[in-house]
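Numbered per the working numbering, the sequence shown spans residues 2 to 487.
For reference, the structure discussed in these notes is given below.
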Amino acid sequence: MSHLLPLSRVARLVNQPRHVLQAMIRNGSLATFDGMIELDELLRAFPDVKWDDDPELRRVNEIKDQAFARRVRDRALPDKEVLVARLNELGDEYAAAKALLLHYGAVMRWLDEKIEEIEESASAETHHALHTIRAFLLRNLAEIPAEAAQARAAIAAERKLKIMSAHVTIQPSGHEFFVEGNDTLLDAALRNGVSLNYGCSNGNCGECKARVVSGEVKKVHAHDYVLKDSEKEAGVILLCAYAPVNDVVIEANVAGARDIPVQQLTARVKSVEVFNSRIAALHILAPRSQRLRFLGGQYIRLACGGASGSYAIASCPCEDRHIEVQVPRRPGDAFADLVFTALKANDSVEVEGPYGVCVLDEDSPRPVIFLAFGAGFAPIKSLVQHAMSLELAESMDLHWLADASGHYQDNLCRAWTDALDNFTYVPHPPTDDLDALLAQIVTDYPDLHRFDVYASGTAAQLDVARTHFLGAGLPEARWFAEAQAA
Ligand code: FES
Numbered sequence: 002m003s004h005l006l007p008l009s010r011v012a013r014l015v016n017q018p019r020h021v022l023q024a025m026i027r028n029g030s031l032a033t034f035d036g037m038i039e040l041d042e043l044l045r046a047f048p049d050v051k052w053d054d055d056p057e058l059r060r061v062n063e064i065k066d067q068a069f070a071r072r073v074r075d076r077a078l079p080d081k082e083v084l085v086a087r088l089n090e091l092g093d094e095y096a097a098a099k100a101l102l103l104h105y106g107a108v109m110r111w112l113d114e115k116i117e118e119i120e121e122s123a124s125a126e127t128h129h130a131l132h133t134i135r136a137f138l139l140r141n142l143a144e145i146p147a148e149a150a151q152a153r154a155a156i157a158a159e160r161k162l163k164i165m166s167a168h169v170t171i172q173p174s175g176h177e178f179f180v181e182g183n184d185t186l187l188d189a190a191l192r193n194g195v196s197l198n199y200g201c202s203n204g205n206c207g208e209c210k211a212r213v214v215s216g217e218v219k220k221v222h223a224h225d226y227v228l229k230d231s232e233k234e235a236g237v238i239l240l241c242a243y244a245p246v247n248d249v250v251i252e253a254n255v256a257g258a259r260d261i262p263v264q265q266l267t268a269r270v271k272s273v274e275v276f277n278s279r280i281a282a283l284h285i286l287a288p289r290s291q292r293l294r295f296l297g298g299q300y301i302r303l304a305c306g307g308a309s310g311s312y313a314i315a316s317c318p319c320e321d322r323h324i325e326v327q328v329p330r331r332p333g334d335a336f337a338d339l340v341f342t343a344l345k346a347n348d349s350v351e352v353e354g355p356y357g358v359c360v361l362d363e364d365s366p367r368p369v370i371f372l373a374f375g376a377g378f379a380p381i382k383s384l385v386q387h388a389m390s391l392e393l394a395e396s397m398d399l400h401w402l403a404d405a406s407g408h409y410q411d412n413l414c415r416a417w418t419d420a421l422d423n424f425t426y427v428p429h430p431p432t433d434d435l436d437a438l439l440a441q442i443v444t445d446y447p448d449l450h451r452f453d454v455y456a457s458g459t460a461a462q463l464d465v466a467r468t469h470f471l472g473a474g475l476p477e478a479r480w481f482a483e484a485q486a487a
């Protein structure tokens, strides 16, 4: 039987991003079988991978060497019961393989004796033929060929990966991610930017109910919400209380912008980061028991000490409790004044949201152009990070058309370019001739019909940009934009 591996696990084994493998599948240099990769194909397509270099073992050793706090170390390793279940499963696989080998050994001994028996009464010609076959079999059984050693090393690397993490496929959306350390299914989904339905995140509300289609899960946190017997029989679990033992397929709804309810919570200020006299970032922390559900590209309403305002979220939904908003200092904006002059760590801020529907089309594998006008960079930053965590887009180009605030997070954008080989960053200095600049940008994309474009700026800037992009061949349905306050 062939050994099949999911694409996400192959990406980890060969240390390549998924989009590189997807490009290989598209150009025919990597064959798939029912969406999976066969071990032989993996070894053929990646002959230079050093299978003995064990990234999982290295990661665990690094954690130990760095003498991380116990809490961090505990998070990096799977829950004890999950680990025991995974080791049991591995033990069962080993026992089955060993039993099969013993059986093959017995068959070989029987064959050897039979050949020897027939040899005695055979003609000289048959005797020679049988002798040759027997010698071939014994020689090949005695020495392991180089390809088999490679396959053994690749399987060993994959098995270690399976001990440390489990692969999850969400149906019907097709999202995939790994659950690592002692994360629950919900923790891992959020960390990977997959917006599954949930409420309390601690086993009380039942809103994270989902059904296990295949694979095994284990309860790792007690929960007060009571599942009905009929639900349990149908494989229903709470995503916030369970972790996968092995690779699982889960039936669950992935929320779109319109599915996420408006929430209200009190957050704590973590820090204020003033970029320059015109714009600052406010970093806040949601309470442990009430994280804010949102999607990249949305905005929230903030209030403190009688002042309030709506601001774009600049952080990724995958960042757990941390939320960053970017606050331009505009005349008459009392909340912005507060951010620039008075807010400090541990102050309380009332949060309401999320709002806005300009979010990623998660069904689209198309290349993406992000267009940020001035402080419109904030929602674009959130969208870029969300797209990175989902690893969906074939390529991402960010055009930042600066205003007087400048490219105030230029270093971050350059770091993205260094870290990702499918990310391009093009900073554009302030201009008096927006028409000419946009006309020049679209000429770089003769195949604009293949792209999705996400834009953020004032209504006037977006109008001009839309005219240029649609005029150059972008389908109207592929233009995603939401105007910011002028
Ligand atoms: S999110 Fe409330 S029970 Fe899981």
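Glycine residues also receive a C-beta, built at the ideal position from the N, C-alpha and C atoms.
| task | Decide yes or no for the touch test of the segment 441 to 449 against the segment 471 to 485: beta carbon pairs closer than 8 Å, at least 3 of them. | result | yes
| request: List the DSSP bridge partners of His-400. | output: Stepping through the sequence shown from its first residue, residue 400 is reached at position 399. Bridge partners of His-400: Leu-372 and Val-427.
| request: Just the C-alpha distance for Lys-81 and Tyr-243, rounded to the nearest angstrom, thanks. | output: Taking the sequence shown and counting its residues from 1, one reaches residue 81 at position 80. Taking the sequence shown and counting its residues from 1, one reaches residue 243 at position 242. Computed Cα separation, rounded: 13 Å.
| request: Go through its chain and collect everything with a Cβ distance to Thr-468's Cβ below 8 Å, but skip five positions before and after it. | output: Locating residue 468 in the sequence shown gives position 467, where the first residue counts as 1. Answer for Thr-468: no residue qualifies.
| request: Report the rounded CA-to-CA distance for Phe-271 versus Glu-395, giving the unit in angstroms. | output: As a working mapping, residue 271 is identified with position 270 in the sequence shown. As a working mapping, residue 395 is identified with position 394 in the sequence shown. Looking at the sequence provided, one finds Lys at residue 271 rather than Phe. Distance between the alpha carbons of Lys-271 and Glu-395: 35 Å.
| query | Do you know how far the Cα of Leu-138 is from the Cα of Asp-453? | reply | Here the question's residue 453 lines up with position 452 in the sequence shown. Here the question's residue 138 lines up with position 137 in the sequence shown. So the alpha carbons of these two residues sit roughly 58 Å apart.
| Can you tell which of Asn-412, Ile-370 and Ala-346 has its C-alpha closest to the C-alpha of Leu-439? | Reading the sequence shown from its first residue, position 438 is the one you call residue 439. Minimum Cα distance to Leu-439 is reached at Ile-370.
| Using DSSP with H/G/I as helix, E/B as strand and the rest coil, what is Lys-65? | Here residue 65 refers to the residue found at position 64 when the sequence shown is read from its first residue. Bear in mind that a pLDDT of 44 at Lys-65, under 50, signals an unreliable position, so the model cannot answer this.
| query | What is the DSSP secondary structure of Lys-233, counted as helix, strand or coil? | reply | Start at 1 with the first residue of the sequence shown, and residue 233 comes out as number 232. Residue state, collapsed to three classes: helix.
| query | If we ignore side chains and look at the alpha-carbon of each, how far apart do Arg-71 and Ala-77 end up? | reply | On the sequence shown, position 70 is the one that residue 71 refers to. On the sequence shown, position 76 is the one that residue 77 refers to. At Arg-71, the pLDDT of 48 sits below 50, so the modelled position is not reliable; the number obtained from the coordinates is stated separately. Those two C-alpha atoms are separated by around 10 Å.
| If Cys-359 sits next to Pro-380, beta carbons under 8 Å apart, how far is it from one beta carbon to the other, in whole angstroms? | The residue given as residue 359 occupies position 358 in the sequence shown. The residue given as residue 380 occupies position 379 in the sequence shown. Contact flag correct, Cβ pair sits at about 7 Å.
| query | Glu-252: beta carbon under 7 Å from a heavy atom of ligand 1? | reply | The count along the sequence shown starts at 1 and reaches residue 252 at position 251. For ligand 1, not one heavy atom lies less than 7 Å from the Cβ of Glu-252.
| query | When every heavy atom of ligand 1 is checked, does at least one fall within less than 7 Å of the C-beta of Tyr-243? | reply | In the sequence shown, counting from the first residue as 1, residue 243 sits at position 242. Tyr-243: no, Cβ never under 7 Å from ligand 1.
| Between Thr-342, Ile-171, Ala-143 and Phe-179, which lies nearest to Lys-163 when the distance is taken from Cα to Cα? | Translated into positions along the sequence shown, residue 163 becomes position 162. Comparing Cα positions, the closest option is Phe-179.
| task | Report whether the distance from the Cβ of Cys-414 to the nearest heavy atom of ligand 1 is below 7 Å. | result | Here residue 414 refers to the residue found at position 413 when the sequence shown is read from its first residue. No, since every heavy atom of ligand 1 falls outside the 7 Å radius drawn around the Cβ of Cys-414.
| message | Tell me which residues share the same chain as Pro-430 and place their Cβ nearer than 7 Å to its Cβ, disregarding the 5 neighbours each side in the sequence. | response | Here the question's residue 430 lines up with position 429 in the sequence shown. For Pro-430, where only same-chain residues beyond five positions count, the Cβ hits under 7 Å are Ala-403.
| field | Which listed residue (Leu-102, Thr-133 and Leu-103) has its alpha carbon closest to that of Ile-116 | value | Taking the sequence shown and counting its residues from 1, the one referred to as residue 116 is at position 115. Of the candidates Leu-102, Thr-133 and Leu-103, the one whose C-alpha sits nearest the C-alpha of Ile-116 is Thr-133.
| query | Roughly how many angstroms separate the alpha carbons of Phe-336 and His-400, rounded to a whole number? | reply | The residue you call residue 336 lines up with position 335 of the sequence shown. The residue you call residue 400 lines up with position 399 of the sequence shown. Rounded to whole angstroms, Phe-336 to His-400 spans 29 Å at the Cα level.
| message | Give the list of continuous alpha helix (DSSP H) stretches no shorter than 4 residues that lie fully inside the segment 75 to 152. | response | 81 to 122 and 125 to 143
| task | Can you have a look at Val-108 and say buried or exposed, based on whether 16 or more other CB atoms are within 10 angstroms of its CB? | result | Residue mapping note: residue 108 aligns to position 107 of the sequence shown, counting from 1. Exposed, by the Cβ-count rule.
| said: Please classify Gln-327 as buried or exposed, where buried requires at least 16 other C-beta atoms within 10 Å of its C-beta. | reply: For this step, residue 327 is matched to residue 326 along the sequence shown. Result: buried.
| Which runs of the beta strand (DSSP E), 3 residues or longer, sit entirely within the segment 195 to 263? | 210 to 215, 218 to 220, 237 to 239, 243 to 245 and 249 to 252
| task | Specify whether the segment 246 to 253 and the segment 196 to 212 touch according to this definition: at least 3 beta carbon pairs, one from each stretch, less than 8 Å apart. | result | yes
| said: Per the DSSP calculation, Arg-269 is bridged to which residue(s)? | reply: Indexing the sequence shown from 1 puts residue 269 at position 268. DSSP lists Leu-286 and Ser-349 as partners of Arg-269.
| query | Any idea what DSSP makes of Leu-435, helix, strand or coil? | reply | Looking up residue 435 in the sequence shown gives position 434. Reduced to three states, the DSSP call for Leu-435 is helix.
| field | Integer Cβ distance of Tyr-83 from Lys-219, believed to fall under 8 Å | value | On the sequence shown, residue 83 is found 82 positions in, with the first residue counted as 1. On the sequence shown, residue 219 is found 218 positions in, with the first residue counted as 1. The displayed chain sequence assigns Val, not Tyr, to residue 83. Right, the Cβ-Cβ distance comes to about 5 Å (below 8 Å), so this counts as a contact.
| message | Given 7 Å as the limit, tell me if Gly-357 has its C-beta closer than that to any heavy atom belonging to ligand 1. | response | Position 356 of the sequence shown, counting from 1, holds the residue named residue 357. Incorrect: Gly-357 has no Cβ contact closer than 7 Å to ligand 1.
| said: Can you tell me whether Ala-460 is helix, strand or coil according to DSSP? | reply: Residue mapping note: residue 460 aligns to position 459 of the sequence shown, counting from 1. Helix, per DSSP.
| field | In DSSP terms, what Val-169 is bridged to | value | Walking along the sequence shown from the start, residue 169 turns up at place 168. In DSSP, Val-169 forms a bridge with Phe-178 and Val-249.
| field | Same chain, Cβ closer than 7 Å to Ile-26, five either side skipped, listed in chain order | value | For the purposes of this step, residue 26 is taken as residue 25 along the sequence shown, with counting starting at 1. For Ile-26, where only same-chain residues beyond five positions count, the Cβ hits under 7 Å are Thr-33.
| task | Determine which residues share a DSSP beta bridge with Val-454 and list them. | result | Taking the first residue of the sequence shown as position 1, residue 454 is located at position 453. Val-454 is bridged to Ile-370 and Trp-480.
| task | Kindly indicate which residue of Thr-170, Ile-145 and Ser-202 has the alpha-carbon position closest to the one of Thr-185. | result | As a position in the sequence shown, residue 185 is number 184, starting the count at 1. Selected option, being the one with the closest Cα: Ser-202.
| Residues sharing a beta bridge with Met-25, DSSP | Position 24 of the sequence shown, counted from the start, is the residue given in the question as residue 25. Paired residue(s): none; Met-25 is not in a bridge.
| query | What is the DSSP secondary structure of Asn-412, counted as helix, strand or coil? | reply | As a first step, residue 412 is located in the sequence shown; it is residue number 411 there, counting from the start. Looking at Asn-412 - three-state DSSP - the assignment turns out to be helix.
| task | Return the Cβ separation of Leu-239 and His-224 in integer angstroms, given the expectation that the two are a contact with Cβ distance under 8 Å. | result | Taking the first residue of the sequence shown as 1, we reach residue 239 at position 238. Taking the first residue of the sequence shown as 1, we reach residue 224 at position 223. About 5 Å; that satisfies the 8 Å criterion.
| message | Taking the straight line between their C-alpha atoms, what separation do you get for Met-389 and Asp-422? | response | Within the sequence shown, residue 389 is the residue found at index 388, counting from 1. Within the sequence shown, residue 422 is the residue found at index 421, counting from 1. Cα to Cα, the separation comes out at about 12 Å.
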